[in-house]
Amino acid sequence: DAVGAEIRRNKNLTEFKIRGGQTFQALNMTIPGDFSSAAFVLGGATLTGSNVKVNNLDIRGAQGDKRIIKFLEEFGADIKVHGKTVDVSSTGELSGIEVDCCDNPDLVPVLAVLGSVAKGRTKLMNIPHLRFKETDRIRALVAGLRKLKAEVQELPDELRLKGVRQLKGAKLSSYGDHRMAMAFAVAGFAARGETIVDEAQSISVSYPTFVADMRKLGASIELIG
9 DAVGAEIRRN KNLTEFKIRG GQTFQALNMT IPGDFSSAAF VLGGATLTGS
59 NVKVNNLDIR GAQGDKRIIK FLEEFGADIK VHGKTVDVSS TGELSGIEVD
109 CCDNPDLVPV LAVLGSVAKG RTKLMNIPHL RFKETDRIRA LVAGLRKLKA
159 EVQELPDELR LKGVRQLKGA KLSSYGDHRM AMAFAVAGFA ARGETIVDEA
209 QSISVSYPTF VADMRKLGAS IELIG
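Counted the way my numbering counts, the sequence shown spans residues 9 to 233.
Rendered as structure tokens:
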């Protein structure tokens, strides 16, 4: 609409029709920061008992994954929002939560990692659509977290986790899925020993500077190959 396109839509917003051959108007637009990607940075700080500030995140915007702020607070993080800057600090002492993730499937990988070490139990519910992402993310999370010695139960549309004291480093498969690679990398920050995640080049699909940004924050991480 902003560029002058003629768009027809039904009342339920399930069908859109755009007539071909239209002429559009140029406009200036500022692209906001991505909460889905920032979740791995914010979640990493929460997991490791650290502090981080992430700029260009508009909490007043329409992105559904801004709910990561609410979820991290429920886990136990202290979060302050100053304009478009999100400041997260954490002691690393987390408590389990229950979340309906139907509208936030891209947050599930990092939430599962946090739940794996949070005291008590964590339930990530209403996520059957995770089986149809770049990989079956429910099964991939279960396989990877179990290798890290987490206690996790797989249900058809749900993940249940019982927090352990500490994860143990392992060699993991990302299944070529960028969010799985980043989630397992974050888990590795808090695991004892070395964690290796294969096919990590997939990260470039959504967050090409992830490794560089993590190193700036002090993480011991290297992209091989």
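The beta carbon of each residue, even a glycine, is placed where N, CA and C say it ideally should be.
Here the structure is a predicted model, which means the values were calculated and not measured.
State buried or exposed for residue i, treating a residue as buried only when at least 16 other CB atoms are found within 10 Å of its CB.
| i | result |
| --- | --- |
| R173 | exposed |
| L21 | exposed |
| K74 | buried |
| K78 | exposed |
| G52 | buried |
| L175 | buried |
| T130 | buried |
| F140 | exposed |
| F83 | buried |
| T38 | exposed |
| L138 | buried |
| I146 | buried |
Tell whether a beta-carbon distance below 8 Å holds between residue i and residue j.
| i | j | result |
| --- | --- | --- |
| A199 | L169 | no |
| N112 | G72 | yes |
| V205 | L167 | no |
| A220 | G171 | no |
| V118 | A193 | no |
| N63 | T93 | yes |
| M222 | I229 | yes |
| G177 | T203 | yes |
| L60 | V96 | Before going further, note that residue 60 is Val rather than Leu in the sequence given. It is a contact, given that the beta carbons lie within the stated cut-off. |
| M188 | A148 | yes |
| L132 | T54 | no |
Taking 6 Å as the limit between beta carbons, can you name the residues of its chain near residue i, skipping five residues before and five after?
| i | result |
| --- | --- |
| D144 | none |
| G184 | E207, S210 |
| P136 | D165 |
| S124 | L153, A158, L169 |
| E142 | D185 |
| P40 | D66, G69 |
For residue i, which residues from the same chain have a beta carbon less than 8 Å from its beta carbon, with the 5 sequence-adjacent residues on both sides left out?
| i | result |
| --- | --- |
| L115 | S44, A47, D73, R75, I76, F79, C109 |
| T56 | S98, G100, F197, A198 |
| G128 | S103, G104, K170, G171 |
| E23 | R17 |
Leaving out five residues before and five after residue i in sequence, what residues of the same chain have Cβ atoms less than 7 Å from its Cβ?
| i | result |
| --- | --- |
| G12 | F32, Q33 |
| S182 | M188, A189, F192, V205, D206, E207, A208, S210 |
| E81 | I87 |
Is residue i close to the ligand SAM? I mean its beta-carbon at under 7 Å from any heavy atom of the ligand.
| i | result |
| --- | --- |
| K127 | The ligand SAM is absent from the structure shown, which contains no ligands of any kind. |
Taking 8 Å as the threshold, find out whether the region 16 to 32 comes into contact with the region 48 to 61 through three or more Cβ pairs.
no
Contact the region 91 to 111 vs the region 31 to 38: 3+ CB pairs below 8 Å
no
For the region 80 to 91 and the region 153 to 161, state whether three or more C-beta atom pairs, one from each stretch, are separated by less than 8 Å.
no
Please specify which runs of the alpha helix (DSSP H), each continuous and at least 4 residues long, are wholly inside the region 150 to 197, giving them in chain order.
none
Whole runs of the alpha helix (DSSP H) within the region 95 to 157, excluding any shorter than 4 residues:
116 to 123, 145 to 155
Those runs of the beta strand (DSSP E) which lie wholly inside the region 16 to 55 and span at least 3 residues
24 to 26
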